[in-house]
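Right, one structure below, let's go through it.
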Amino acid sequence: QLDLAAVRVAAAAFPKPEAFKPSYGTAGFRAEASLLPSTVFRCGMLIGLKARSCGQACGVMVTASHNPEQDNGLKLVEASGEMLEPAWEAHATQLAQADTEEQLLQVLAALAATLQPADTPGRVIIGRDTRSSGADLAAACSAGVAAVGGKVSDIGVVTTPELHFTVQTFNQYQALEEQAYFTNLLESFRTLTAGSHAPQPPLHVDCANGVGALKLQQLVPQLQQLGLQLQLYNAGQGRLNHGCGADYVQKEQCFPAGMGDLPAGACSASIDGDADRVVFFTKGQDGSFVLLDGDKIAALAAVYLRRLLSHAPPGTADSISTGVVQTAYANGASTRFITEQLGLQVRCTNTGVKYLHHEAKAFDVGIYFESNGHGTVLLKPSLLQRLQDMDENMSVMQLLAVSRLMNQAVGDAISGLLLCDAVLRSGTSLAEWQALYTDLPSRQLKLVVADRTVITTTDAERRCVTPAGLQDAIDAAVAKYDLGRAFARPSGTEDAVRVYAEAGSQEAADALAREVAGIVF
Ligand code: NG1
Ligand code: ZN
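In this text, residue positions in the sequence shown follow the numbering used here: the first is 388, and each later residue adds one.
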């Protein structure tokens, strides 16, 4: 079933750099682009076999998201449009790390034996972001798919969520046109904003000089007709993710390049290099930088969905489970707001969207956002069916529109932008959004240590298991601070340990973070 001789010939064109040991991390593979041809070729073989085995389309996104231009990476996508099942990450790592041709063929043959690829060619939909290394890496990936007898549809430069959406909808409707993605966004946004299409003050968007700029530019005229004026910044002339983008804005807590001069109160947002994250920001009357991060977006979405559900036919809200999924990085004030003020359940998972997505699916309405702005709102198919069977009422139509606007496969910055804009038009002002709760002062530190793997964690990464004594020392430090909370965990994307601390004042949060960093070292 698998022509190993052909694989051997094809693989010879993509040798693995000797010392390179790639592994499938929190968000797929990531490295300096020149290291990656063998990895993407081999992942092409893996996902090609998976597509043949399930007889459906799977996907590959070539991107390194918020990392610098010289890096690249890839994320593998299931036929459902969701991220690769965690159990498969180990296969991808094993294949990517094989040192010799023999090892590579052995791993591949073992995979093929378990997968039993069918006679159908299967299909792999490949997309890439705007990085200059993307086209060659996509071609290497295509060669991998072809080497195992799979068929490729290269859809060129797209956002990460667009690729996920395309895989999901291709398997439903066999359509690959990009217009389907845009039409879905525009039509659901139109329904959500019905009755409020009068021109609003502009929404200023930092596009990180990435693929999001290309896609938003295409949407500008139609959004204008719906009353949304988008003003795009960092829209492709400058360096990707350099001094701009959602990651920079959230981590550095400052205005992105070219946006510091906006007037106080201007509603602004920042997306990342592959447009799967979004955070909002504005300028206070005193000129200060004010961040509305992923936690604030989750809170706004929760307020809005609770309102829509309360206007749905009697009994609907009571029979529906609504929950918010966060990670340990969620500001404690947001968790308290959602549980105490909104009365909704909050669950905490490990860092990484795949964990949040999985947990959110347990609710009828599952809202998940990482603090960095990566997330979405999921509505369970059984709930959608119930809503479709109900009499047409504005709230029911809007709930259905939320499920179409919000990417159901993965976090999507464009969906998030449009949802927040729709809510802001529905009666919650930017000032009210800011005032939902006040963030506890916090501090994040990144420590480069000899071996980050000596730290292992439990309880959604909030407590350390090893090395022995570390957690007791952190507990003792935290106990000294009013409203103190802190944790340390190894990063899944960088060779570093991350420390997070929050406390009653900024000085206290800084001091607690430093104290925990001292313990970790
Ligand atoms: P790591 O490096 O495991 O902390 C980072 C982000 C995650 C997630 C992934 C993937 C923080 C603290 N961590 O993971 O939230 O977005 O990258 O991009 O922001
Ligand atoms: Zn991203």
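Glycine included, every Cβ here is placed at the ideal spot set by N, Cα and C.
Here the structure is a predicted model, which is why all the values come from computation and not from measurement.
Looking at the DSSP output, L834 sits in a beta bridge with V884.
Note on Q637: 16 or more other CB atoms within 10 angstroms of its CB, so buried under the neighbour-count rule. Look at L389 here: in three-state DSSP terms it is coil, with no helix or strand label.
Residue side-chain check: D705 keeps its Cβ at 6 Å or more from all non-hydrogen atoms of the ligand ZN.
R664 has its alpha-carbon roughly 35 Å from the corresponding atom of D859. Between the region 512 to 520 and the region 435 to 450 there are three or more inter-stretch CB-CB distances shorter than 8 Å, so the stretches are counted as touching. Taking non-hydrogen atoms of the ligand NG1 into account, the C-beta of A414 is found less than 6 Å away from one of them. Around the Cβ of Q555, a 10 Å sphere holds 16 or more other Cβ atoms; the residue is buried. For M781, the uninterrupted alpha helix (DSSP H) segment begins and ends at M781 to L792.
Between the region 482 to 493 and the region 399 to 413, the count of C-beta pairs closer than 8 Å reaches three or more; the two stretches touch. The beta carbon of L524 sits closer than 8 Å to the beta carbons of A420, L423, P424, V427, V449, N459, L461 and R515 from its chain, once the five residues preceding and following it are set aside; these are given in chain order. For the options A530, R417, A477 and R876, the alpha carbon positioned closest to that of P455 is the one of R417. Rounded to the nearest angstrom, the Cβ distance from L765 to K748 is 6 Å, consistent with a contact under 8 Å. CA-to-CA, the gap between Q624 and D634 works out to about 19 Å.
Boundaries for T450: no alpha helix (DSSP H) harbours it, and the DSSP string shows neither H nor E there. No heavy atom of the ligand ZN is found nearer than 6 Å to the CB of R515. Counting C-beta atoms within 10 angstroms of its own C-beta, Q605 has fewer than 16 neighbours from the protein chains shown and is therefore classed as exposed. Nearest to Y868 by alpha-carbon distance, out of A888, G632 and S878, is A888. Taken through DSSP and simplified to helix, strand or coil, K602 comes out as helix. The straight-line gap separating the alpha-carbon atoms of C430 and D862 is approximately 42 Å. Within the same chain, and ignoring the five residues on either side of L573 in sequence, the residues whose Cβ sits closer than 8 Å to its Cβ are L606, Q609, L610 and L613. The Cβ atoms of G660 and A595 sit closer than 7 Å to each other. For the region 510 to 577, the full-length alpha helix (DSSP H) segments reaching 4 residues or more read 521 to 534 and 547 to 560 along the chain. For L787, the closest alpha carbon among the candidates N571, V841 and H591 is that of N571. The C-alpha of L770 lies about 13 Å from the C-alpha of G702. Taking the Cα positions, L627 is about 32 Å away from C735. From the listed residues L492, T501 and A534, the smallest Cα separation to R510 is found for A534.
Linking M793 to L811 through their CA atoms gives a straight-line distance of about 16 Å. Sequence-distant partners of Y742 (beyond 5 residues in either direction) whose C-beta falls short of 7 Å from its own C-beta, in its chain, are T736. Between the C-alpha atoms of D799 and V592 there is a straight-line separation of about 15 Å.
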